[in-house]
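Here the structure is laid out as structure tokens; the discussion comes afterwards.
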Ligand code: MEV
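In my numbering, the protein residues as written are 65 to 374.
Encoded structure:
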């Protein structure tokens with residue numbers, strides 16, 4: 065029996081602009097998805113697993129140049145909410161591919177698993193940047209930039225978010241968006257055709273902010289962090305990926321001195337998935353979240369990436 069787990073991911077900044085070759089900073093988050101594979105004569109698969117198998121197996125067969133695979137039973141358990149910007153699809157692709165390669169006795173190779181996970185993510189997401197799968201595979205804090213179709217700069221950073229910052233994060237689940245990531249990426253692509261200036265400005269501003277965010281995280285500069293997250297969020301709003309209800313929730317957090325932003329693709333109409341919130345005085349933020357009855361959680365960031373559990 066082989067068990068492989070992958071963490072979730074969060075975009076600190078750079079979602080959407082990453083699709084256009086701009087940098088993004090992502091972190092792994094300590095919500096894990098586990099895939100267990102064991103040899104089985106009569107494996108049973110539900111509809112969802114059959115769909116997943118249809119995506120993953122051809123990628124593995126092509127890579128290993130084999131036509132058939134031995135029978136196996138697949139079990140998936142996950143703490144990562146689906147479709148909420150926490151990288152659930154990247155985690156399932158990476159953990160499944162990692163587990164299946166192990167089961168086939170292929171040497172553990174994160175770079176190979178990441179490359180194949182990107183192939184699988186393309187089926188889910190259409191035109192992903194590759195940032196999500198890279199973060200769940202390598203873990204920690206990641207600087208990501210898609211340079212071209214075949215070249216991605218994936219730089220796992222040598223530092224993690226200092227606890228001075230990370231202990232003041234609270235994550236609010238604003239609900240699963242009506243749209244999937246591929247829809248949101250398409251929406252931005254269409255906006256770029258209709259209003260190129262708006263998207264060009266968004267890309268340039270987001271790139272500048274992501275570059276400023278790096279030393280800010282390293283130094284644990286709270287004031288700068290608040291400014292960058294606020295500006296990054298406003299920028300995301302200019303491309304229409306943050307719904308009205310989520311925007312007004314974010315304005316309330318800003319009004320008490322905090323900062324908040326969507327993390328991932330966002331949502332146009334209803335929920336926008338998990339929103340990252342931060343306040344130098346966490347108690348104030350918690351008070352607001354509780355009085356507004358918002359579903360929230362906290363989680364460790366920068367945890368280990370893909371790993372063999374047993
Ligand atoms: C999705 O988690 C993040 C996006 O930037 C898409 C991508 O990078 O592939 C919206």
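The beta carbon of each residue, even a glycine, is placed where N, CA and C say it ideally should be.
Quick one: is the Cβ of residue i within less than 7 Å of any heavy atom of the ligand MEV?
i           : result
residue 82  : yes
residue 379 : Outside the shown range of the chain (65 to 374) lies residue 379, about which nothing can therefore be said.
residue 196 : yes
residue 189 : yes
residue 344 : no
residue 249 : yes
residue 193 : yes
residue 199 : no
residue 79  : yes
residue 238 : no
residue 245 : yes
residue 149 : yes
When the distance is taken between beta carbons, is residue j closer than 8 Å to residue i?
i           : j           : result
residue 339 : residue 319 : no
residue 344 : residue 286 : yes
residue 163 : residue 185 : no
residue 77  : residue 296 : yes
residue 204 : residue 72  : no
residue 278 : residue 292 : no
residue 92  : residue 369 : yes
residue 372 : residue 166 : yes
residue 258 : residue 337 : no
residue 156 : residue 97  : yes
residue 158 : residue 206 : no
residue 238 : residue 313 : yes
residue 236 : residue 309 : no
residue 133 : residue 126 : no
residue 83  : residue 187 : no
residue 94  : residue 356 : no
residue 244 : residue 360 : no
residue 246 : residue 189 : yes
residue 221 : residue 168 : no
residue 334 : residue 242 : yes
residue 79  : residue 70  : no
Here's the rule: buried if 16 or more other CB atoms are within 10 angstroms of the residue's CB, otherwise exposed. What is residue i?
i           : result
residue 224 : buried
residue 218 : buried
residue 55  : Residue 55 lies beyond the range of the chain shown here (65 to 374); nothing can be said about it.
residue 130 : exposed
residue 180 : buried
residue 197 : buried
residue 375 : Residue 375 lies beyond the stretch modelled for the chain, which goes from 65 to 374, so this question has no answer here.
residue 171 : exposed
residue 68  : buried
residue 403 : It is not possible to answer for residue 403, since the shown part of the chain is limited to 65 through 374.
residue 261 : exposed
residue 108 : exposed
residue 431 : There is simply no residue 431 to check, as the chain begins at 65 and stops at 374 in what is shown.
residue 105 : exposed
residue 122 : exposed
residue 111 : exposed
- Query: Are there three or more Cβ pairs, one per stretch, closer than 8 Å when the segment 210-222 is compared with the segment 113-128?
  - Reply: no
- If you pair each beta-carbon of the segment 143-160 with each one of the segment 321-338, do three or more pairs fall below 8 Å? Touching, yes, given that three or more Cβ pairs across the two stretches are closer than 8 Å.
- Message: Using 8 Å as the cut-off, can you tell me whether the segment 351-364 makes contact with the segment 270-284, which would need three or more C-beta pairs spanning the two stretches below that distance?
- Response: no
- Item | the segment 132-145 / the segment 98-110 touching (three or more Cβ pairs under 8 Å) | yes
- Query: Can we say the segment 176-185 touches the segment 221-230, given the rule of at least three CB pairs closer than 8 Å?
  - Reply: Fewer than three Cβ pairs drawn from the segment 176-185 and the segment 221-230 lie within less than 8 Å of each other, which leaves the two stretches out of contact.
- Quick one: any contact between the segment 297-310 and the segment 250-269, if contact means 3 or more CB pairs under 8 Å? yes
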